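Numbering (this note's numbering), first residue to last: 250 to 603.
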């Protein structure tokens with residue numbers, strides 16, 4: 250996170266709002282404010298208590314954002330609270346714990362908010378040169394382990410197939426386009442997108458297994474200590490329970506610009522996948538099956554286009570193709586080096602029981 254100037258929020262009101270919940274210690278002060286597109290996060294420090302994070306959503310009023318109406322703001326805070334509480338209950342240790350909050354505007358800061366444990370450390374420094382060598386491999390391996398842990402903790406049998414799940418999202422988006430709420434897209438864009446769904450899903454279409462996906466695994470949401478050990482993953486506002494084709498997919502920072510990985514991203518991706526190549530678990534098996542296919546770049550962006558207007562616009566502008574990374578015909582997208590089908594040692598087809 251990058252610290253910037255704080256929004257117009259009286260610190261004394263913030264302290265009062267937190268104190269009213271019976272959380273924290275005495276003599277609080279704001280140590281830092283971190284501003285994102287949808288939230289401001291305040292770090293509160295105390296002489297007699299551990300630091301806290303106070304997450305305050307922004308009411309943007311922008312149509313299509315997660316905070317376009319007051320009701321959206323409340324729903325966003327409620328959603329993140331439920332996700333964090335569920336992860337704590339499941340024993341997932343890489344997310345901050347939710348200590349309390351307010352789901353209304355009738356409080357000292359006149360906004361819904363959450364109070365979380367503060368994740369100590371710094372945001373992961375990440376570019377083409379840093380970290381380097383073994384330190385880079387260490388971080389990539391840790392992130393892969395955290396993704397597998399998240400899948401293992403939250404894996405469940407859903408009430409619908411992956412095909413039905415994604416078809417519903419695509420249909421809702423088409424309705425919004427027809428209503429003129431997404432003017433940058435046309436009905437034909439929606440038709441073209443829908444025509445590819447069954448091919449992209451392949452064998453995963455009939456799968457009913459689901460798991461939580463963070464939704465935005467990038468360096469700015471990864472906290473590390475001075476030794477490069479990950480201490481936590483932050484910003485769970487976009488997390489949700491989704492079909493395994495998405496939950497077990499490549500983390501966002503390994504997608505590459507426009508879905509095409511440059512040599513450094515490709516190298517990082519190979520290290521990432523190699524880190525769980527021999528791991529004996531169902532989660533690792535799902536990740537190998539999703540991330541190891543030859544046409545992973547197109548499949549990854551296509552699935553994201555069902556959620557993201559920006560990616561949908563990108564692919565529509567390219568005629569639903571990525572030159573050199575097109576969707577392969579059925580059977581041609583198989584995992585490099587062979588899949589996990591038919592094996593044992595914890596390796597399973599999509600939808601296999603734990």
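We put the beta carbon where it would ideally sit given N, CA and C, even for glycine.
Keep in mind the model is a prediction, meaning the values are calculated, not measured.
Residue i in three-state terms, based on DSSP
i	result
residue 526	coil
residue 363	strand
residue 297	coil
residue 266	helix
residue 328	helix
residue 348	strand
residue 558	helix
residue 611	Since the first residue shown for the chain is 250 and the last is 603, residue 611 is missing from the structure and cannot be characterised.
residue 354	coil
residue 341	coil
residue 323	helix
residue 258	coil
residue 570	coil
residue 518	helix
residue 576	coil
residue 336	helix
8 Å contact criterion, which residue i and residue j should meet: CB distance rounded
i	j	result
residue 536	residue 443	Not confirmed; about 27 Å, so no contact.
residue 267	residue 307	Not confirmed; about 19 Å, so no contact.
residue 265	residue 357	4 Å
residue 388	residue 303	Rounded, the Cβ-Cβ distance is 28 Å, inconsistent with contact.
residue 480	residue 508	In fact, because the Cβ distance is near 31 Å, the residues do not count as touching under 8 Å.
residue 301	residue 340	Not a contact, Cβ separation roughly 22 Å.
residue 461	residue 489	7 Å
residue 328	residue 305	At roughly 15 Å, the Cβ-Cβ gap does not stay under 8 Å, so residue 328 and residue 305 are not in contact.
residue 401	residue 532	5 Å
residue 494	residue 453	4 Å
Selected residue, minimal CA-CA separation from residue i, among the options
i	options	result
residue 465	543, 496, 424	496
residue 486	280, 265, 330	330
residue 269	556, 355, 338	355
residue 477	544, 498, 385, 506	385
residue 344	395, 545, 441	395
residue 475	484, 374, 469, 555	374
residue 408	393, 371, 459	459
residue 517	540, 531, 262	540
residue 573	510, 299, 260, 362	510
DSSP bridge partner residues for residue i (one or two, in chain order)
i	result
residue 302	292, 365
Item to check | Contiguous alpha helix (DSSP H) assignments of at least 4 residues, all confined to the stretch 431-509 | outcome: If we require 4 residues or more, the alpha helix (DSSP H) runs fully inside the stretch 431-509 come out as 436-450, 493-496.
Next on the checklist: Which complete beta strand (DSSP E) runs does the stretch 356-419 hold, if anything under 3 residues is left out?
Outcome noted: Along the stretch 356-419, the beta strand (DSSP E) occurs as fully enclosed runs of 3 or more residues at 362-366, listed in sequence order.
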